[in-house]
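Take the sequence shown: its letter number 73 is residue 73 in this note's numbering, and every next letter is one higher. We put the CB at the ideal spot given by N, CA and C, even for glycine. The model shown is predicted, which means the values in this text are computed figures rather than measured ones. Notes follow once the structure below has been shown.
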Amino acid sequence: MAMPSTSTRLADFVPYCMSVTTNAVSDLIAGQYRARYGLKIPEWRVMAVLGDLGSQTQRELVGATRMDKVAVNRACKSLEERGIVARSPNTLDGRSHHLGLTPEGVAMFDQIMPLALDMEKRLLACLTARESEAFQTTLRKLLERAGSMLEDDQS
């Protein structure tokens with residue numbers, strides 16, 4: 001006797017669809033700044049956070065980007081070697097450093113952001129204003145829910 005199937009088509013599995021969509025969008029945008037600025041996706045994510053939030057520790061960057069420690073460390077090291085990011089002492093915790101964009105990094109960030117925002121505008125052009133607003137609200141809700149579920153799993 002056959003067991004009832006509990007499987008679903010992968011294309012209907014929301015986490016998979018979100019991951020594939022995120023990768024496609026990241027690849028689309030990354031093509032712009034990889035060709036012009038020689039940045040990989042993790043490097044741009046670190047730059048974007050530093051450009052948006054200002055100086056951060058690596059631990060804060062891990063939280064803000066949701067990338068693993070190794071990816072953040074590599075991205076920071078590469079950006080530091082290129083003079084895009086600089087370290088400064090963390091007066092609150094002598095074991096860590098703050099990372100911030102250098103003047104060169106700020107200039108690069110200021111050149112890339114308009115490209116990223118234009119790509120976002122072109123990407124979201126397939127949505128109505130109401131759909132775009134609902135989509136952004138949905139993304140925020142899902143991120144909050146995933147964060148609270150992670151906290152529950154870790155306690």
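C-beta contact flag for A116 and T102 at 8 Å
no
Below 8 Å, how does it come out for the region 71 to 86 and the region 27 to 36: are there three or more Cβ pairs, yes or no?
no
Let's test the definition: count the other Cβ atoms within 10 Å of the Cβ of V14 and tell me whether it reaches 16, buried, or not, exposed.
exposed
C-alpha gap between M18 and G83, whole angstroms:
34 Å
In the DSSP assignment, find the beta strand (DSSP E) that holds R87 and state where it starts and stops.
V85 to P89
Could you round the C-beta distance between S148 and H98 to whole angstroms and report it? I think they count as a contact, below 8 Å.
That belief does not hold up - the Cβ atoms of S148 and H98 are roughly 28 Å apart, past 8 Å.
Taking only three categories from DSSP, how would you classify D123?
For the record, residue 123 in the displayed sequence is Leu; it is not Asp. In this structure, L123 counts as helix in the three-state DSSP scheme.
To the nearest angstrom, how far is it from the Cα of R130 to the Cα of L79?
38 Å
Same chain only: Cβ atoms within 8 Å of L127, ignoring 5 sequence neighbours per side:
F135
Hey, out of A35, A146, D110 and Q154, whose CA is closest to R66's CA?
A146
Could you check how far apart the C-beta atoms of V49 and L39 are, in whole angstroms? I think they sit under 8 Å.
In fact, because the Cβ distance is near 13 Å, the residues do not count as touching under 8 Å.
Residue range of the beta strand (DSSP E) that L101 falls in?
H97 to L101
Pairwise C-alpha distance: Q111 and N90
29 Å
Delimiting residues of the alpha helix (DSSP H) encompassing R74
K69 to E81
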